[in-house]
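Q:
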Amino acid sequence: MNFFEKVYQAVKKIPYGKVATYGDIARLCGRQRAARQVGWALHQNPHFIEIPCHRIVNRFGALAPAFAFGGAHIQKSLLEQEGIEVREDLTVDLARYRCTELTE
DNA sequence: TATTTGACGATTT
DNA sequence: CAAATCGCCAAAT
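Using the working numbering, read the first sequence as starting at 7 and increasing by one per residue.
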């Protein structure tokens, strides 16, 4: 399995109402320092629809300001839809929503 | 074909 | 404690 596929699998493992950081996903893939490739895997996003990119945030808890699915406010909506509180600057409270259960 | 860049983060100095 | 450097690897130039 390619590193990219591992990323996709890990992302899909994120439980409802939770978020994960790039570093967390990288660690789940066996490459803690490969956070960059995690972001890239999502950028490519061959499974775009199937992968909840909105649950992926950086270490600060901020969503990717990039083009994500056509609009940052879409991410905000999706996160709020899952019960996640999103600030105006598209940041979430990692202390509450980070999927610690998955990363351990 | 070679170099640079890129949704990032940890480690070292 | 803050700044600089390294790691990661595929795609774009």
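The C-beta atom is built at its ideal place from N, Cα and C for all residues, glycine as well.
If you count every other CB in all the chains shown that lies within 10 Å of the CB of K12, and 16 or more means buried, which is it?
A: Classification for K12: buried.
Q: Measure the alpha-carbon distance for V92 versus A26 and round it to whole angstroms.
A: Going from the Cα of V92 to the Cα of A26 covers about 14 Å.
Q: Going by C-alpha distance, which of Q81, G36, A41, G67 is nearest I57?
A: Ranking Q81, G36, A41, G67 by Cα distance to I57 puts Q81 first.
Q: I'd like the span of the alpha helix (DSSP H) that includes F10, first residue to last.
A: Start and end: 9-18.
Q: Taking the alpha helix (DSSP H) that R33 falls in, what are its first and last residues?
A: Here the alpha helix (DSSP H) through R33 covers 28-34.
Q: Could you please give me the residues that DSSP links to T134 through a beta bridge?
A: Residue 134 falls outside the range modelled here, since the chain spans only 7 to 110, and no answer is possible.
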